[in-house]
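Undergrad: Residue numbers (the working numbering), protein chains in the order written: chain A, 1 to 173; chain B, 174 to 427.
Okay, handing you the structure first.
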Amino acid sequence: MTDTQWPRFEVFLIEEDEKPAEHVGSVHAPDAEMALLNARDVFVRRPRCRQLWVAPSSKVLFRTAQELKDATTPPGNQLEEPQPYLVFSKPNHREPLTLSKCLSAGSAETALRSVLAGGYGADYPLWAIVSEADLTRSDPEESESFFEPAESKQYKMHADFPTGQLMKEVRQK
Amino acid sequence: MTRTLDAELKTAMAARLLHMADDELILAHRDSEWTGHAPILEEDIAFANIAQDEMGHGLIWYEIRQSLTGEDPDRLVFFRKPAEFRNVQLVELPKGDWAFSMVRQWMFDTWESVHLEALEHSQFAPVADAARKIRREETYHLRHTRAWVRRLGLGTEESNRRMQAAVNELWPYRAQIAIVANEYERLVEERLMPDLDRLATVWGEGVQSELTNSNLALPESAPLRLTRDQHSRYFPALIEELQQVARLEAEARW
Chain A
1 MTDTQWPRFE VFLIEEDEKP AEHVGSVHAP DAEMALLNAR DVFVRRPRCR QLWVAPSSKV
61 LFRTAQELKD ATTPPGNQLE EPQPYLVFSK PNHREPLTLS KCLSAGSAET ALRSVLAGGY
121 GADYPLWAIV SEADLTRSDP EESESFFEPA ESKQYKMHAD FPTGQLMKEV RQK
Chain B
174 MTRTLDAELK TAMAARLLHM ADDELILAHR DSEWTGHAPI LEEDIAFANI AQDEMGHGLI
234 WYEIRQSLTG EDPDRLVFFR KPAEFRNVQL VELPKGDWAF SMVRQWMFDT WESVHLEALE
294 HSQFAPVADA ARKIRREETY HLRHTRAWVR RLGLGTEESN RRMQAAVNEL WPYRAQIAIV
354 ANEYERLVEE RLMPDLDRLA TVWGEGVQSE LTNSNLALPE SAPLRLTRDQ HSRYFPALIE
414 ELQQVARLEA EARW
């Protein structure tokens, strides 16, 4: 059977203007525009959001600490025109994969190597690197319809429903 | 601007708010039938979101109506007979295939974008305020459904064929959305509600141009002349399902 799934896109979210982008998960979509729309529906229905970015999963390099340790030859030796890369890092298993460095490099691998060579995050368990050119960002002019309605919607916790109390009353009757 | 409505205007306003609320409610119900069945998980979530938004918009209109008539929205939704609903048939037809539901939602979103923009100028403040609030979400709906209409219209031979079939089936139902009782005229004169015939023309032009961009066309068929008290044969079953749980225990508190 052929795979009829749409390609995957990684989703990054900026919750507040002053906070860095965080990796929140992925969505399937036929193209970047639909990926942004799907990301909005899957990840921003309730919580607060200022911006969403998506990038094709095939263009995002994920590296675990184990993979970095096992790598024998330093990859990325082909010379490419340097371009801007975004490096996301996960400091530990509790904290999210968060944007930590932006730098110019010849490839995603070399971008990561140069961050590590600078002594940053030597013990971090996970990294994700994406070229600026592969990111599609939400349009700030669309924030009003994309993100603002979510802020006025509140989670209704299960405790908000009187079901438990009502069941007790019914049983006592 | 806050206006006090005389008895005649109040009645006319309440009648119109019921049209608007019922349209949103019934469309929400049909959309919700896709929950768990949409073609892909992400779209399942997106379409359920849209359904929930439309239900919320319906509630807003029912509540404004309640401020005029005192009628409880839950009683209206769960305890009216099918014949007492005032939604258009466009929103009550069975959900069909994905193309049908998408075209319907997109046509309705296109209507809402024209209608809400006009409602923002209502001299009846609760309606103008609600329209401003609802329009933010509707802008997103239209962005979403338009993206789908383009992709399916311009997609494969099959997707285009299904989309065109949906357009052909739905568009004859368009006229009912602008049909109002004579008493509505006073609302227009007093600038409490917009002239729907004018809006329907703008709507038709918007639908036509978007279809052209998506390699689809409007059918030549004449609009069906239906009033808002006429429902399709599918409607009683929809209402039965919608009201089933509430009617099991009419006095239950939720």
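Glycine included, every Cβ here is placed at the ideal spot set by N, Cα and C.
#1: Taking beta-carbon pairs under 9 Å, can you tell me which members of the stretch 390 to 405 of chain B lie near chain A?
#2: Roughly how far, in whole angstroms, is the beta-carbon of residue 291(B) from the beta-carbon of residue 367(B), given that I think they are within contact range, below 8 Å?
#3: Helix, strand or coil, according to DSSP, for residue 253(B) in the structure here?
#4: Should residue 203(B) and residue 267(B) be called a contact, given that it needs their Cβ atoms to be closer than 9 Å?
#5: Could you pull out every residue in the same chain whose Cβ sits closer than 7 Å to the Cβ of residue 239(B), ignoring the five residues on either side in sequence?
#6: Which same chain residues end up closer than 7 Å to residue 82(A) when comparing Cβ atoms and leaving out the 5 residues on each side of it in sequence?
#7: Roughly how many angstroms separate the alpha carbons of residue 422(B) and residue 163(A), rounded to a whole number?
#8: By the three-class DSSP mapping on this structure, what secondary structure does residue 320(B) have?
#9: What are the residues in the stretch 4 to 19 of chain A lying within 9 Å of chain B by C-beta distance?
#10: Would you list the residues sitting across from residue 271(B) in a DSSP beta bridge?
#11: Is the CB-CB distance between residue 277(B) and residue 263(B) below 9 Å?
#12: May I have the straight-line CA-CA distance separating residue 352(B) from residue 42(A), to the nearest angstrom?
#13: Tell me the DSSP bridge mates of residue 207(B)?
#14: Residue 93(A) to residue 125(A), Cα distance in whole Å?
#15: Would DSSP call residue 136(A) helix, strand or coil?
#16: For residue 312(B) and chain A, any beta-carbon pair shorter than 9 Å?
#17: In this structure, how does DSSP classify residue 22(A) when only helix, strand and coil are distinguished?
#18: Following the continuous alpha helix (DSSP H) through residue 346(B), name the residue where it begins and the one where it ends.
#19: Please classify residue 193(A): does DSSP put it in a helix, a strand, or coil?
#20: Whole-angstrom Cβ separation of residue 186(B) and residue 232(B), contact assumed at under 8 Å?
#21: Any beta carbon from chain A within less than 9 Å of residue 270(B)'s own beta carbon?
#22: Report the start-end ranges of each beta strand (DSSP E) in the stretch 94 to 141 of chain A that is 3 residues or longer and not cut off at the edges.
#23: For the alpha helix (DSSP H) containing residue 66(A), list its first residue and its last residue.
#24: Can you tell me the Cα-Cα spacing of residue 108(A) and residue 135(A), whole angstroms?
#25: Which residue marks the beginning of the beta strand (DSSP E) containing residue 56(A), and which one marks its end?
#26: Buried or exposed for residue 272(B), going by 16 or more other Cβ atoms inside 10 Å?
#27: When you compare the stretch 363 to 380 of chain B with the stretch 317 to 325 of chain B, are there three or more beta-carbon pairs, one atom per stretch, that lie closer than 8 Å?
#28: Secondary structure at residue 9(A), three-state DSSP: helix, strand or coil?
#29: Here's a check: name, in chain order, each residue in its chain whose Cβ is nearer than 6 Å to the Cβ of residue 304(B), leaving out the five neighbours to either side.
#30: At what residues does the alpha helix (DSSP H) containing residue 398(B) begin and finish?
#31: With which residues is residue 27(A) paired in a DSSP beta bridge?
#32: Are at least three pairs of beta-carbons, each pair with one atom in the stretch 191 to 203 of chain B and one in the stretch 9 to 17 of chain A, less than 8 Å apart?
#33: Measure from the alpha carbon of residue 59(A) to the alpha carbon of each residue in 102(A), 119(A), 130(A), 143(A), then state which is nearest.
#34: Answer yes or no: does any C-beta atom of chain A fall closer than 9 Å to that of residue 294(B)?
#35: Residue 64(A) to residue 127(A), Cα distance in whole Å?
TA: For this structure:
#1: Those would be none; no residue qualifies.
#2: Contact between residue 291(B) and residue 367(B) is confirmed by a C-beta separation of about 4 Å, below the 8 Å threshold.
#3: coil
#4: yes
#5: 245, 246
#6: 104, 105, 106
#7: Approximately 15 Å between the Cα atoms of the pair.
#8: helix
#9: 5, 6
#10: In the DSSP output, where bridge partners are listed per residue, residue 271(B) has none listed.
#11: yes
#12: 37 Å
#13: Partner(s): none; residue 207(B) has no beta bridge.
#14: 7 Å
#15: strand
#16: yes
#17: strand
#18: Segment: none, residue 346(B) is in no alpha helix (DSSP H) and carries neither H nor E.
#19: Absent from the structure is residue 193(A), since the part of chain A shown begins at 1 and ends at 173.
#20: That belief does not hold up - the Cβ atoms of residue 186(B) and residue 232(B) are roughly 17 Å apart, past 8 Å.
#21: At a cut-off of 9 Å, the C-beta of residue 270(B) has no neighbouring C-beta in chain A.
#22: 98 to 105, 126 to 131
#23: 65 to 70
#24: 14 Å
#25: 51 to 56
#26: buried
#27: no
#28: strand
#29: 289, 292, 293
#30: From DSSP, residue 398(B) is part of no alpha helix (DSSP H); its letter is neither H nor E.
#31: 9(A)
#32: no
#33: For the residues 102(A), 119(A), 130(A), 143(A), the minimum Cα distance to residue 59(A) belongs to 130(A).
#34: Cβ-Cβ to chain A under 9 Å: no for residue 294(B).
#35: 6 Å
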